[in-house]
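Taking it in order: structure first as structure tokens, then the write-up.
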Amino acid sequence: MQINVSQLLEETIGSTREYGVNETIDMAGGGCIVQGGVELVRTDRGILVKGMLRTTVEFKCSRCLSLFGCPLALNIEEEYLPTTDVVSGAWLPLPEEPSCFTIDEHYVIDLTEAVRQYMVLTVPMKPLCGEDCAGLCPHCGHNLNQGPCDCLSKEIDCRWSDLSKVDLS
Ligand SMILES: [Zn+2]
Ligand SMILES: [Zn+2]
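The sequence shown begins at 17 in our numbering and counts up one residue at a time.
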């Protein structure tokens, strides 16, 4: 997910470029397709990248433990700072924020790391395959989304037989 910004760096502040994104990035051992678009804006310090990207990440439902694809929307907005002067080619002093994203010496922005970080931030704490996920039966572990198990009817059977004992005595 690399974009060469050497031309944009030479333009005036406020100049923009738009790029479509449709790439696969590695996330937690699996490939995630990331799609959408970003706008690149020349700022006084570097390049501001903003846009909306969409991807689908596979999660394990916290209630029924089944795997499901969860769509994530990544609202990206990050400023990338140059490490090399675009006119002279000279090294620039490193930015003060150590965590900030940088434009490499070939004037290339790599969005992959930012996308990964946004994905981690967007991941739900307790993912659910659906708002109405029925979860697992606490007795037999059956996935109740696939229909009821017979635990409930067994409980009713037990009560009936107790009653009949009482009746008999
Ligand atoms: Zn579930
Ligand atoms: Zn059950």
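Using N, Cα and C, we set each Cβ at its ideal position, and we do this for glycine too. In this text, all values refer to a predicted model and were calculated from it rather than measured experimentally.
Can you tell me where the beta strand (DSSP E) holding residue i begins and where it ends?
i, result
"residue 24", "That residue, residue 24, is in no beta strand (DSSP E); its alpha helix (DSSP H) goes 22-26."
"residue 90", "83-98"
"residue 71", "63-76"
"residue 51", "46-58"
"residue 36", "32-43"
"residue 119", "117-119"
Can you give the beta carbon distance from residue i to residue j, rounded, assuming they're within the 8 Å contact cut?
i, j, result
"residue 69", "residue 37", "6 Å"
"residue 65", "residue 96", "6 Å"
"residue 46", "residue 74", "6 Å"
"residue 108", "residue 98", "6 Å"
"residue 138", "residue 88", "5 Å"
"residue 62", "residue 119", "6 Å"
"residue 11", "residue 156", "A question about residue 11 goes unanswered here, because the residues of the chain that appear run from 17 up to 185."
Among the options, whose alpha-carbon lies nearest the alpha-carbon of residue i?
i, options, result
"residue 26", "35, 123 and 110", "123"
"residue 86", "17, 93, 94 and 77", "77"
"residue 72", "60, 23, 102 and 136", "136"
"residue 9", "17, 165, 143 and 121", "This structure cannot speak to residue 9, because the chain is shown only from 17 to 185."
"residue 103", "18, 24 and 41", "24"
"residue 58", "81, 41, 125 and 155", "125"
"residue 147", "156, 134 and 161", "161"
"residue 151", "140, 39 and 163", "163"
"residue 17", "32, 121 and 129", "129"
"residue 35", "28, 105, 41 and 56", "56"
"residue 33", "60, 67, 133 and 153", "67"
"residue 149", "159, 140, 39 and 155", "159"
"residue 134", "153, 94 and 145", "94"
Following the continuous alpha helix (DSSP H) through residue i, name the residue where it begins and the one where it ends.
i, result
"residue 134", "128-138"
With 8 Å as the threshold, decide whether the Cβ of residue i is near any Cβ in chain C.
i, result
"residue 151", "Chain labels in this structure do not include chain C; a single protein chain is all it has."
Residues surrounding ligand 1 [beta-carbon distance to nearest heavy atom under 5 Å]: 77, 79, 80, 145 and 149
Would you call the stretch 50-59 in contact with the stretch 104-122, where contact means no fewer than 3 C-beta pairs closer than 8 Å? no
Can you tell me which residues fall inside 6 Å of ligand 2, judged by beta-carbon distance to its nearest heavy atom, and keep chain order? 153, 155, 156, 158, 165 and 167
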